[in-house]
Amino acid sequence: MPLMTVKEILTPVSSGWAVGAFNVHNLEDVQAVVNAADELEAPVIIMVSESALNYAGADFIRSIVATAAKRVQIPIALQLDHGKSLETVKRSIQAGFTSVMIDGSYLSFEDNVALTRQIVEYAHQHGCSVEGELGKIGGKEDDLLVEDADARFTDPRKVERFILETGIDVLAPAVGTAHGLYKGEARIDFPRLQAIRQATKVPLALHGGSDLSDEIIKEIMRSGVEKINVGTDLKIAITSGIKDYLSNNPEEIEPRKVFGAGRERGTRLVMEKMRLFECVGKASLY
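Residue numbering for the sequence shown follows this note's numbering, beginning at 322 and increasing consecutively.
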């Protein structure tokens, strides 16, 4: 099945369920995500951060994802995650990514608008959808680090203006989630999230979807979030699978068995998340 844009993937989503967006780094990561989605007949978004892009290469990742997509009949989108520049966005789109996320949260509101609008103009010319970030999400994932003191919640009063002036297709608000593992109990500002949801009909993306309780995830979906990002939980699952296999088989030198164990654990994790997100069987909507 041809790759879709994130905008196309999120269009059929209604309140109460969400599409999982999983960060990948290599062949086994992609296989884990796609195998799980195919088994559960669920739509899925595959994401690649700048650091993973630099590690694997945009063309390599795109080729792996495109090959996987041809073998299944489920909706799949490929998105750059937390791009910081037009150069990185162009590299991704030229490689065949269908969507990009531009992170201008480190800029002033006006400069964020200007950069994001520039990205939207370029991406839309090439048939790609764009996710923009308003506010600043804390935590650490890959090379992305935002200290708690620097994190800023999204002002619902600025949402409509940000979307209107940039033309983004998806909004990533900051409402209390964080990248990576939480240092304590996650405190999500649900009134703020609900106010943001009321301020726009543009799909909302939740960053920092790892390490959250099932109850919080369900409330997030009830509050109108259509896309939930999972990075750290998948990395932990895959590396734990590898560690456990090597612990039980210390003399093993066959990479296929070692990495295959990580892939298997990753597949199970993605399936658990998809059941939680209630997107199982939703591929029939496309």
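From the three backbone atoms N, C-alpha and C, an ideal C-beta is built for every residue, glycine too.
CB contact below 7 Å: residue i versus chain C
i      : result
SER370 : Although the question refers to chain C, the structure presented lacks it and comprises just one protein chain.
Presumed contact (8 Å Cβ cut-off) between residue i and residue j, rounded CB distance
i      : j      : result
ILE489 : THR437 : 6 Å
CYS600 : VAL327 : With 8 Å as the limit, CYS600 and VAL327 do not qualify as a contact, their Cβ atoms being about 14 Å apart.
VAL551 : GLY530 : 5 Å
VAL434 : GLU506 : In fact, because the Cβ distance is near 34 Å, the residues do not count as touching under 8 Å.
LEU361 : MET595 : 5 Å
SER544 : LEU590 : Not quite, the Cβ-Cβ distance comes to about 24 Å (not below 8 Å), so this is no contact.
Straight-line Cα distance separating residue j from residue i
i      : j      : result
GLU394 : VAL546 : The question names Glu, but residue 394 is Gln in the sequence shown. In a straight line, the C-alpha of GLN394 is about 25 Å away from that of VAL546.
ALA416 : PRO333 : 27 Å
ARG518 : LEU525 : 8 Å
ARG392 : ASP476 : 43 Å
LEU401 : VAL491 : 13 Å
PHE418 : ILE574 : 34 Å
SER372 : SER406 : 13 Å
ALA377 : ILE414 : 16 Å
PRO576 : ASN570 : 12 Å
LEU527 : THR498 : 8 Å
VAL354 : GLU540 : 24 Å
SER335 : GLU431 : 32 Å
GLU572 : ASP424 : 44 Å
SER568 : PHE474 : 43 Å
ALA444 : ASP565 : 42 Å
ALA363 : ILE397 : 9 Å
Buried or exposed by the 16-neighbour rule on C-beta atoms within 10 Å, applied to residue i
i      : result
PRO494 : buried
GLU452 : buried
GLN446 : exposed
GLU454 : buried
ASN522 : In the sequence as presented, Asn is not what sits at residue 522; that position holds Lys. When all chains shown are included, LYS522 counts as exposed.
LEU331 : buried
LYS578 : exposed
ASP554 : buried
GLY299 : As displayed, the chain neither begins before 322 nor continues past 607, which places residue 299 out of reach and without an answer.
ARG508 : exposed
SER429 : exposed
GLY337 : exposed
Close-in-space but distant-in-sequence residues of the same chain around residue i (CB under 7 Å, 5 per side omitted)
i      : result
VAL351 : VAL345, ILE367, ILE385, VAL386, ALA389
ARG412 : ALA379
ASN347 : ALA377
ASP510 : PHE474, VAL496, GLY497
GLN439 : LEU407
Neighbourhood of residue i by C-beta, 8 Å cutoff - its chain only, sequence neighbours within 5 removed
i      : result
GLU349 : ILE559, PHE580, GLY581, GLY583, ARG584, GLY587
LEU374 : ILE382, LEU401, THR409, ARG412, SER413
ALA516 : PRO477
MET592 : ALA357, GLU360, LEU361
Nonlocal neighbours in the same chain, by C-beta distance under 6 Å from residue i, ignoring five residues either side
i      : result
LEU606 : PRO333
ALA358 : VAL365, ILE395
SER450 : THR326, VAL327, LYS328, SER420, ASP490
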